[in-house]
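Comments concern the structure below.
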Amino acid sequence: MELSRIRNFSIIAHIDHGKSTLSDRILEITGAVESRDMREQYLDSMDLERERGITIKAQNVRVPWRDHVFHLIDTPGHVDFGYEVSRSLAACEGVVLVVDAAQGIEAQTLANCYLALEHDLEIVAALNKIDLPAADPDRYAMEIETVLGIPAEDILRISAKTGEGIPELLDAVIDKIPAPTGNIDAPLQALIFDSQFDQYRGVVSSVRVVNGKMRAGSKLRFMQAGADHEAIEIGKRAPATTPVDELGPGEVGYLIAGIKDVGDARSGETVTTASHGSTEALPGYRDPKPMVFSGLFPIDGDDFETLRESIEKLKLNDASITYTPESSGALGFGFRCGFLGLLHMEIVKERLEREFGLALIATAPSVQYRVHRTDGELVVVDNPADLPEAQKIDFIEEPYFRVNIITPKEYTGPLMDLCQTRRGEMQKMEYLSPERVELHYEIPLAEVVVDFFDQLKSRTQGYASLDYELSGYRRSNLAKVDLLLNGIAADAFSTIVHRDKAFDYGRRMCEKLKELIPRQMFDVPIQAAIGGKVISRETVKARRKDVTAKCYGGDISRKRKLLEKQKEGKKKMKSIGRVEVPGDVFISALKLDD
Amino acid sequence: MTSADQPFGVYVHVPFCASKCDYCAFATWTDRHHLVDVYLDALEIDIARAVAAGMPLATTVFVGGGTPTLVPPERLGAVIRSIPVTGDAEISVECNPDDVTHDLLEHYGDAGVNRVSIGVQSMVGHVLGTLGRRHDQRNVASAVEAVRSVGLPTFNLDIIYGAAGESQDDWEHTVRSVLEFDPPHVSAYALTVEAGTPLAGQVDRHPDDDDQADKYEVVDTLMTAAGLENYEVSNWARPGHECRHNLLYWRQQDYLGFGCASHSHRDGRRWWNVRTPERYVDLVRAGAATESAGETLDTDTRRMEGLQLAVRLRDGVSPEVFAPHDLDELLRGGLLRRDHDRVVLTRTGRLMANAVSMRLR
Numbered sequence: 000m001e002l003s004r005i006r007n008f009s010i011i012a013h014i015d016h017g018k019s020t021l022s023d024r025i026l027e028i029t030g031a032v033e034s035r036d037m038r039e040q041y042l043d044s045m046d047l048e049r050e051r052g053i054t055i056k057a058q059n060v061r062v063p064w065r066d067h068v069f070h071l072i073d074t075p076g077h078v079d080f081g082y083e084v085s086r087s088l089a090a091c092e093g094v095v096l097v098v099d100a101a102q103g104i105e106a107q108t109l110a111n112c113y114l115a116l117e118h119d120l121e122i123v124a125a126l127n128k129i130d131l132p133a134a135d136p137d138r139y140a141m142e143i144e145t146v147l148g149i150p151a152e153d154i155l156r157i158s159a160k161t162g163e164g165i166p167e168l169l170d171a172v173i174d175k176i177p178a179p180t181g182n183i184d185a186p187l188q189a190l191i192f193d194s195q196f197d198q199y200r201g202v203v204s205s206v207r208v209v210n211g212k213m214r215a216g217s218k219l220r221f222m223q224a225g226a227d228h229e230a231i232e233i234g235k236r237a238p239a240t241t242p243v244d245e246l247g248p249g250e251v252g253y254l255i256a257g258i259k260d261v262g263d264a265r266s267g268e269t270v271t272t273a274s275h276g277s278t279e280a281l282p283g284y285r286d287p288k289p290m291v292f293s294g295l296f297p298i299d300g301d302d303f304e305t306l307r308e309s310i311e312k313l314k315l316n317d318a319s320i321t322y323t324p325e326s327s328g329a330l331g332f333g334f335r336c337g338f339l340g341l342l343h344m345e346i347v348k349e350r351l352e353r354e355f356g357l358a359l360i361a362t363a364p365s366v367q368y369r370v371h372r373t374d375g376e377l378v379v380v381d382n383p384a385d386l387p388e389a390q391k392i393d394f395i396e397e398p399y400f401r402v403n404i405i406t407p408k409e410y411t412g413p414l415m416d417l418c419q420t421r422r423g424e425m426q427k428m429e430y431l432s433p434e435r436v437e438l439h440y441e442i443p444l445a446e447v448v449v450d451f452f453d454q455l456k457s458r459t460q461g462y463a464s465l466d467y468e469l470s471g472y473r474r475s476n477l478a479k480v481d482l483l484l485n486g487i488a489a490d491a492f493s494t495i496v497h498r499d500k501a502f503d504y505g506r507r508m509c510e511k512l513k514e515l516i517p518r519q520m521f522d523v524p525i526q527a528a529i530g531g532k533v534i535s536r537e538t539v540k541a542r543r544k545d546v547t548a549k550c551y552g553g554d555i556s557r558k559r560k561l562l563e564k565q566k567e568g569k570k571k572m573k574s575i576g577r578v579e580v581p582g583d584v585f586i587s588a589l590k591l592d593d
Numbered sequence: 000m001t002s003a004d005q006p007f008g009v010y011v012h013v014p015f016c017a018s019k020c021d022y023c024a025f026a027t028w029t030d031r032h033h034l035v036d037v038y039l040d041a042l043e044i045d046i047a048r049a050v051a052a053g054m055p056l057a058t059t060v061f062v063g064g065g066t067p068t069l070v071p072p073e074r075l076g077a078v079i080r081s082i083p084v085t086g087d088a089e090i091s092v093e094c095n096p097d098d099v100t101h102d103l104l105e106h107y108g109d110a111g112v113n114r115v116s117i118g119v120q121s122m123v124g125h126v127l128g129t130l131g132r133r134h135d136q137r138n139v140a141s142a143v144e145a146v147r148s149v150g151l152p153t154f155n156l157d158i159i160y161g162a163a164g165e166s167q168d169d170w171e172h173t174v175r176s177v178l179e180f181d182p183p184h185v186s187a188y189a190l191t192v193e194a195g196t197p198l199a200g201q202v203d204r205h206p207d208d209d210d211q212a213d214k215y216e217v218v219d220t221l222m223t224a225a226g227l228e229n230y231e232v233s234n235w236a237r238p239g240h241e242c243r244h245n246l247l248y249w250r251q252q253d254y255l256g257f258g259c260a261s262h263s264h265r266d267g268r269r270w271w272n273v274r275t276p277e278r279y280v281d282l283v284r285a286g287a288a289t290e291s292a293g294e295t296l297d298t299d300t301r302r303m304e305g306l307q308l309a310v311r312l313r314d315g316v317s318p319e320v321f322a323p324h325d326l327d328e329l330l331r332g333g334l335l336r337r338d339h340d341r342v343v344l345t346r347t348g349r350l351m352a353n354a355v356s357m358r359l360r
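Protein sequence lines correspond, in order, to chains B and X. In terms of numbering that gives the first Met the number 0, the numbers along the first sequence are unbroken and rise by one, the last being 593. In terms of numbering that gives the first Met the number 0, the numbers along the second sequence are unbroken and rise by one, the last being 360.
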């Protein structure tokens with residue numbers, strides 16, 4: 000394949016700005032997929048992705064256009080998957096930026112554009128949905144010019160829905176995005192930018208060849224993993240998979256090498272030949288680090304082994320999950336899991352429940368604290384239960400995030416208020432246009448992981464968007480708040496919070512639990528305590544009536560069945576301090592309203 | 000094989016009503032009076048067949064509904080007389096206070112009826128209205144007077160608490176008014192929302208648990224003070240006036256039901272008849288079985304059901320049927336009390352009988 004006729008690019012767009020529709024339209028217009036085979040949003044294959052309208056795992060597809068070959072590389076669409084986005088972009092020479100002509104650019108899109116610019120990628124910008132009555136392409140073209148320096152007159156106007164402007168967009172890809180460069184005679188260097196586990200074929204990796212040739216049947220070396228594997232099959236996706244004998248420089252395709260675990264073929268891995276291979280790995284690889292930690296517990300204790308097997312299976316396809324067994328007085332046996340972010344956590348939990356039929360409880364998300372002990376030792380704690388006793392702690396550091404929010408200017412007040420209550424410090428405020436503002440904050444991650452995104456959306460009627468990245472650790476005055484049911488600490492509710500907020504947090508949790516915990520046979524005291532000192536107390540008054548009034552000839556079977564049903568329902572409850580707590584109480588209680 | 004010391008009950012269902020109360024989920028109809036005659040014929044045929052097949056002598060008979068007093072008393076009397084009973088049998092009929100007259104009760108008495116159960120429900124006009132009942136609370140006095148003048152040895156007054164708009168004072172008034180009649184037996188039921196009733200669809204009229212619990216405490220206090228002892232969750236009686244027929248249900252003893260939708264229980268098997276009077280009449284005429292469906296409980300289920308029923312009674316259960324830590328908790332929490340070698344529900348416990356039943360093992 001002649002390099003000059005290859006174009007590799009990603010589409011950068013905010014959720015709902017039409018990336019999937021555009022991908023579908025490109026597949027159709029280039030003839031890669033017969034229109035009768037068109038399935039809405041062809042590239043988003045995972046059910047969960049379709050439902051949430053986001054791409055979790057990257058895909059790639061090869062399409063022909065006017066004597067050229069395009070490799071369209073899909074990128075994950077959420078902030079939690081920033082590293083995966085960067086690896087996908089590393090496989091491209093350019094990006095197509097798609098912005099909703101009725102809404103303008105969003106924070107994450109902007110962040111991804113900056114990422115693309117860092118990779119020296121060419122940007123082809125397009126305003127989508129120009130068929131909508133609310134479209135205001137001129138206004139948003141000016142905005143893009145202001146924030147990204149792309150001349151407004153160069154920005155294309157398209158409708159992915161109707162197909163208007165798509166051929167012009169594809170022509171612009173040929174004209175503006177550079178062809179890949181690479182040396183076919185150099186030792187092989189190929190970048191893995193995504194890996195997925197297929198139960199029949201093992202790990203299927205998406206690869207971009209940078210230099211040299213990748214040949215089917217050859218022995219390959221995975222440089223970061225330090226392992227050799229045979230290239231059992233290589234091929235291209237057009238979008239149906241087609242095996243090929245070799246992939247040359249600039250080409251994008253898939254690789255199957257008999258690998259069982261995606262952790263052995265991570266995004267960012269450099270693949271070369273086992274003999275006479277490259278000595279230099281491609282830049283940019285790193286281990287994705289979990290940011291958010293939570294305990295996952297089966298509601299039915301008997302499901303513990305099933306949960307273990309399910310997480311192991313899920314990890315085959317998602318190397319970024321970490322897990323270690325955890326035992327909780329309140330919840331029994333489960334796993335302490337690490338996630339890239341909150342969405343990632345929700346997705347993993349939902350997939351475990353949906354794909355493996357488990358009912359799970361997730362404990363309060365926690366971040367990783369650096370605890371400096373009085374004896375000089377540093378311990379990293381991601382579980383409040385592991386926090387050393389107060390007198391043994393010298394000080395604690397917590398992670399901070401650099402948070403960027405883009406919002407219509409009328410919501411600036413409510414958002415500043417939100418960031419303020421979350422211990423945020425404003426760094427900068429910029430006007431992107433007369434109507435839209437970008438806010439830059441430093442906020443403790445612990446304040447972001449609980450409910451921040453929901454609050455952001457509800458305070459701005461969904462108009463604000465958010466991007467964030469780790470900025471570092473800072474010393475904070477933190478305390479562990481325990482919650483006691485009937486005098487027994489419900490460890491699942493223990494949380495590390497800033498001392499200024501501890502009293503308020505304890506009070507609100509007590510009130511919330513009072514609302515959520517159903518009345519029991521006896522009064523149930525609910526207490527919040529710091530280090531044994533009670534800071535708040537509520538009581539769930541005993542239930543007073545639970546009786547079948549009439550129990551005659553025809554009622555007896557009915558009553559027995561009712562009691563049998565109640566017994567079944569009881570199995571779905573967790574018992575803490577002899578208090579029956581429905582599983583969803585944990586989740587509801589942790590959603591604190593401001 | 001039922002001997003004199005092994006109780007055996009007969010239940011007869013009369014599915015006709017003048018109007019339907021909006022909380023009622025029983026198999027009753029207000030538009031089928033034209034079926035009364037053929038229905039009573041069918042009952043007699045059905046009973047005669049059971050007698051021919053060797054039905055034991057009944058120690059108790061209970062005629063319920065519906066509104067049994069709606070059908071001609073001489074005809075109902077004939078049905079009752081067709082049931083072979085022991086010499087000391089308890090024979091009860093459920094009555095609407097509006098229908099109870101000296102004349103009606105004489106017909107019943109001639110047929111052997113020695114107990115009536117009168118559906119008072121409330122002694123407060125607006126509460127009766129909310130319940131969808133048509134009778135006038137003043138008729139209760141004349142009904143009780145008729146019972147006494149005919150000389151029936153015992154009777155029951157039924158009352159209901161928890162109707163929308165019923166205040167604590169209203170309820171206390173009802174209980175006190177009922178006690179003024181000096182009844183030997185009172186049943187007080189918490190109004191219960193049954194699926195499929197008009198009440199079920201009107202959430203704002205649903206009773207509140209705490210309100211009903213308060214009312215239960217009121218009725219229990221006043222009954223006890225008046226010398227009526229609680230012997231089952233919803234039933235109070237002077238000694239010797241307990242309803243033997245209902246006790247038979249609660250002790251898992253045997254009974255046969257006649258009429259549509261009636262339930263039967265013999266030797267661990269329970270079954271119930273077709274629901275509508277038309278189908279019942281047709282099946283009896285065709286000489287076919289009137290059973291709609293049934294169940295046979297395995298030993299464990301039957302034992303558990305027995306405990307669930309027994310725990311509601313004054314005699315309680317053996318402490319061993321609770322795990323030691325549950326027993327301890329229930330005793331300390333004041334839901335159970337010890338009575339010699341038994342444990343018995345306290346008043347608080349009776350209100351929580353279902354929750355306590357969950358701890359049975």
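Where is the CB? At the ideal position from N, CA and C, for every residue including glycine.
DSSP beta-bridge partners of residue i
{"i": "B/Ser293", "result": "B/Cys336"}
{"i": "B/Lys324", "result": "Position check: residue 324 of chain B holds Pro in this sequence, whereas Lys was assumed. B/Pro324 pairs with B/Phe334."}
{"i": "B/Tyr472", "result": "B/Pro398"}
{"i": "B/Val436", "result": "B/Thr406 and B/Tyr430"}
Residue nearest to residue i in terms of C-alpha spacing, selected from the options
{"i": "B/Asp170", "options": "B/Ser432, B/Thr29 and B/Leu438", "result": "B/Thr29"}
{"i": "B/Glu92", "options": "B/Val378, B/Phe8 and B/Asn182", "result": "B/Phe8"}
{"i": "B/Pro136", "options": "B/Thr362, B/Lys560 and B/Val98", "result": "B/Val98"}
{"i": "B/Cys336", "options": "B/Ala100, B/Ala140 and B/Asp317", "result": "B/Asp317"}
{"i": "B/Asp259", "options": "B/Ser319, B/Asp197 and B/His275", "result": "Contrary to the premise, residue 259 of chain B reads as Lys rather than Asp in this sequence. Measuring from the Cα of B/Lys259, the nearest candidate turns out to be B/Asp197."}
{"i": "X/Arg48", "options": "X/Gly286, X/Asp327 and X/Ser356", "result": "X/Gly286"}
{"i": "X/Glu193", "options": "X/Val13, X/Pro6, X/Gly8 and X/Phe25", "result": "X/Phe25"}
{"i": "B/Leu351", "options": "B/Gly340, B/Ser365 and B/Phe334", "result": "B/Phe334"}
{"i": "B/Ala528", "options": "B/Ala489, B/Ile11 and B/Asn182", "result": "B/Ala489"}
{"i": "X/Leu334", "options": "B/Asp522, B/Ser556, B/Val480 and B/Met0", "result": "B/Asp522"}
Between the CA atoms of residue j and residue i - distance to the nearest angstrom
{"i": "X/Arg80", "j": "X/Gly111", "result": "7 Å"}
{"i": "B/Val436", "j": "B/Ala463", "result": "10 Å"}
{"i": "X/Met351", "j": "X/Leu308", "result": "14 Å"}
{"i": "B/Ile191", "j": "B/Leu438", "result": "35 Å"}
{"i": "B/Glu441", "j": "B/Met425", "result": "6 Å"}
{"i": "B/Gln454", "j": "B/Glu349", "result": "21 Å"}
{"i": "B/Ile525", "j": "X/Val60", "result": "53 Å"}
{"i": "X/Ser148", "j": "X/Arg311", "result": "35 Å"}
{"i": "B/Pro383", "j": "B/Leu306", "result": "22 Å"}
Where the alpha helix (DSSP H) containing residue i begins and where it ends
{"i": "X/Met222", "result": "Asp208 to Ala224"}
{"i": "X/His264", "result": "Run containing X/His264: none in the alpha helix (DSSP H); it sits in the beta strand (DSSP E), His262 to Arg265."}
{"i": "B/Pro524", "result": "Where B/Pro524 is concerned, there is no enclosing alpha helix (DSSP H), although the beta strand (DSSP E) it sits in stretches over Val523 to Ile529."}
Opening and closing residue of the beta strand (DSSP E) in which residue i lies
{"i": "B/Gln454", "result": "Taken as a continuous stretch (DSSP letters only), B/Gln454 belongs to no beta strand (DSSP E), being part of the alpha helix (DSSP H) at Phe451 to Arg458."}
{"i": "X/Asp338", "result": "Leu335 to Asp338"}
Residue i (DSSP reduced to helix, strand or coil)
{"i": "X/Leu151", "result": "coil"}
{"i": "B/Met141", "result": "helix"}
{"i": "B/Gln426", "result": "strand"}
{"i": "B/Asp393", "result": "strand"}
{"i": "X/Leu344", "result": "strand"}
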